[in-house]
Amino acid sequence: MLAAGTAVVLWASAFVAIRAAGEYFAPGALALGRLASGAVALLVVLVVRGEGVPKRGAWPGIVVSGVLWFGAYMVALNWGEQLVDAGTAAMVVNVGPILIALLGGWVLREGFPRRLLAGLGVSFAGAVVVGVSMSGKGQAPVLGVLLCLLAAVTYAGGVVSQKPALKHASALQVTTFGCLVGAVACLPFTGQLVSDLRDAPASATLSMLYLGLFPTALAFTTWAYALARTTAGKMGSTTYAVPAIVVLMSWAVLGEVPAWLSLVGGVLCLAGVAVSRTRRKRAPEHERQRL
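In the working numbering, each residue's number is its place in the sequence shown (first place is 1) plus 12.
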């Protein structure tokens with residue numbers, strides 16, 4: 013729970029950093045800069061710990077999750093958030109945890125626990141409430157909505173692909189080489205990144221480096237550590253805490269006072285996470301024998 017909580021808090025902080033860096037970096041350039049800085053940091057830790065290269069059995073999951081989650085997801089999300097308002101993006105992207113539960117139940121044979129599905133429903137309702145409270149006026153561009161939906165799909169596919177890889181490699185190995193695969197997939201944006209680095213202020217560049225070191229290197233590693241110890245469906249449900257934390261962070265860091273509807277939605281998100289993480293209590297031994 014501590015590892016999952018660390019990932020969720022850092023991913024929530026990423027929204028503030030993306031807002032700061034996104035004004036000066038194109039979507040692909042921001043993704044490449046974030047992944048490159050994260051990969052360098054992870055490689056240093058990997059060498060210091062002497063963990064080496066993952067076993068052969070881990071590579072299919074590492075490559076697929078690297079391309080989908082580290083690469084395509086970050087580009088699609090950065091691009092989509094430039095075209096639609098934050099509320100619309102939050103509502104569409106938060107389809108991801110539901111897709112993770114469905115794919116995990118089917119592909120990974122995790123089943124479909126009632127408490128998990130009920131918690132996902134409550135949290136998704138909360139995400140919709142937060143999204144409505146944050147949405148601007150007017151209609152969202154179709155391309156922006158499709159990009160956010162693509163982000164949700166690639167996120168779900170990446171998580172489900174990563175889970176089997178963790179049977180053959182450590183969380184640090186899976187994260188390091190997944191990040192490297194994502195960075196390689198984003199190499200076509202190298203020219204744009206170099207151009208944006210010349211023109212961007214130091215604060216935007218520092219925001220990009222923060223994204224690479226903390227919401228990428230640290231958060232993805234703690235996420236993988238937790239994912240190896242529970243189901244993909246339950247891990248996906250924890251990310252519904254992100255909208256609630258973003259509301260509080262925006263209030264504390266940016267001075268953006270949340271509307272009461274945002275607070276209600278945040279409470280629903282957290283309540284759904286709590287429901288999805290609880291386990292059904294077993295009856296006492298004497299009652300089971302009587303039954």
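A virtual CB, placed ideally from N, CA and C, is assigned to each residue, including glycine.
Same chain, Cβ closer than 7 Å to residue i, neighbours up to 5 away in sequence not counted
i    : result
S215 : A32
S182 : E63
G50  : C191, G224, L225, T228 and A229
L22  : F226, P227, L230 and A231
I74  : P66, A177, V186, F189, G190 and V193
T217 : L209
P72  : none
L155 : L95
V57  : L184
Coarse secondary structure for residue i, derived from DSSP in three states
i    : result
Y36  : coil
P213 : coil
G62  : coil
S25  : helix
P125 : coil
A181 : coil
V96  : coil
M86  : helix
K246 : helix
P153 : coil
K67  : coil
R46  : helix
C198 : coil
R300 : Unreliable positioning characterises R300 in this predicted model, as indicated by a pLDDT of 48, which lies under 50. The coordinate reading is nonetheless provided below. Looking at R300 - three-state DSSP - the assignment turns out to be helix.
V165 : helix
R31  : helix
Y252 : coil
V79  : helix
A240 : coil
M220 : helix
V107 : coil
V52  : helix
V193 : helix
L14  : helix
L120 : coil
Own chain residues within Cβ distance below 6 Å of residue i, not counting five before or after
i    : result
L44  : C198, F201 and L205
V107 : A164
E299 : For E299, the predicted model reports a pLDDT of 48, less than 50, meaning its position is unreliable; a value from the coordinates is still stated below. So the list is empty, once near-sequence residues are dropped.
L80  : T166, G169 and G170
L159 : A88, W91 and G92
L162 : A88
G34  : none
Span separating the alpha-carbon of residue i from that of residue j
i    : j    : result
L260 : L120 : 34 Å
A283 : A236 : 24 Å
S173 : A195 : 18 Å
V184 : A240 : In the sequence as displayed, the identity of residue 184 is Leu instead of Val. Using only the alpha carbons, I get a separation of about 11 Å.
Y36  : A212 : 6 Å
T242 : A15  : 12 Å
A253 : A88  : 21 Å
S77  : V141 : 30 Å
A70  : T187 : 11 Å
R210 : N90  : 20 Å
I112 : G169 : 7 Å
P39  : V20  : 22 Å
V105 : S25  : 16 Å
A53  : T251 : 24 Å
I257 : G17  : 11 Å
K179 : F136 : 30 Å
T234 : L129 : 24 Å
L115 : K175 : 12 Å
M13  : R68  : 29 Å
A238 : G203 : 36 Å
P59  : S207 : Note that residue 59 is Val in the sequence shown, not Pro. Answer to the nearest angstrom: the Cα atoms are 31 Å apart.
Closer than 7 Å: residue i CB and nearest the ligand NAD heavy atom
i    : result
T187 : Ligands displayed in this structure: none; no statement on the ligand NAD is therefore possible.
Supposed close pair residue i, residue j - CB separation, criterion 8 Å
i    : j    : result
V96  : V157 : 6 Å
A244 : V171 : 6 Å
L47  : F82  : 6 Å
Residue j beta carbon less than 8 Å from that of residue i
i    : j    : result
M220 : L42  : yes
E93  : I30  : yes
Y7   : Y85  : Look at the range of the chain in this structure, 13 to 303, and you will see that residue 7 is not part of it.
A249 : P109 : Checking the displayed sequence, the identity of residue 249 turns out to be Ser instead of Ala. Cβ distance < 8 Å, so S249 and P109 count as in contact.
Chain-order list of residues whose beta-carbon lies under 8 Å from that of residue i (same chain, five-residue window excluded)
i   : result
R61 : L184
8 Å Cβ cutoff, residue i in contact with chain B
i   : result
I74 : Chain labels in this structure do not include chain B; a single protein chain is all it has.
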